[in-house]
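**Q** Numbered per the UniProt record's numbering, the sequence shown spans residues 1 to 106. Encoded as C-alpha cells, here's the structure I'll be asking about.
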Amino acid sequence: MCVNSLSQGLNVDLPKQDSNPGPLDPKAERLPLHHDATNQSRGILRCLLFPNQVVVVVVVVVVVVVVVVVVVVVVVVVIVVVVVIVVVAVAAAVVVKVVVMVVRQQ
C-alpha cells in the first residue's frame, strides 16, 4: 500500500496541453493540482510515519528482545539457585563432619 502511494507520488502525470488553451483561470488550474499534491504528500507522510512493514518489524524485534531478556534472567536465576543449593550442601557436609569429629573426641 505504501509502495503504491510512494510510486504514485513519484510518477505524476502532467496534464496534456492543448494547442489553443484559451484564457486560463489560475485558481481553477492550481487548486486541483495543489489538492492532488497535498493528498499525495499526506499519503507519503502517512506511509513514512506509519508504515505497516516497519511497525511489524519493530513489534517482532521488541518481542524477540523481551523473550531473550526473560530467558537470560531465568537462566541466571536458575544458576544462582543451583549455586546456593550446592554451597548450602557443602556447608552442611562440613558442619556434619565437624560435629562428628567433635563427638568422637569426647
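Where is the CB? At the ideal position from N, CA and C, for every residue including glycine. As the structure is a prediction and not an experimental result, all values here were calculated from the model.
Any idea what DSSP makes of Pro32, helix, strand or coil?
**A** Looking up residue 32 in the sequence shown gives position 32. Residue placement at Pro32 cannot be trusted, given a pLDDT of 49 that sits under 50; the coordinates are not used to answer.
**Q** Taking 8 Å as the limit between beta carbons, can you name the residues of its chain near Val81, skipping five residues before and five after?
**A** Start at 1 with the first residue of the sequence shown, and residue 81 comes out as number 81. The answer is none, since no qualifying residue turns up.
**Q** Please report how far the alpha carbon of Val67 lies from the alpha carbon of Val76, in whole angstroms.
**A** For the purposes of this step, residue 67 is identified with residue 67 of the sequence shown, where counting begins at 1. For the purposes of this step, residue 76 is identified with residue 76 of the sequence shown, where counting begins at 1. Cα to Cα, Val67 sits roughly 14 Å from Val76.
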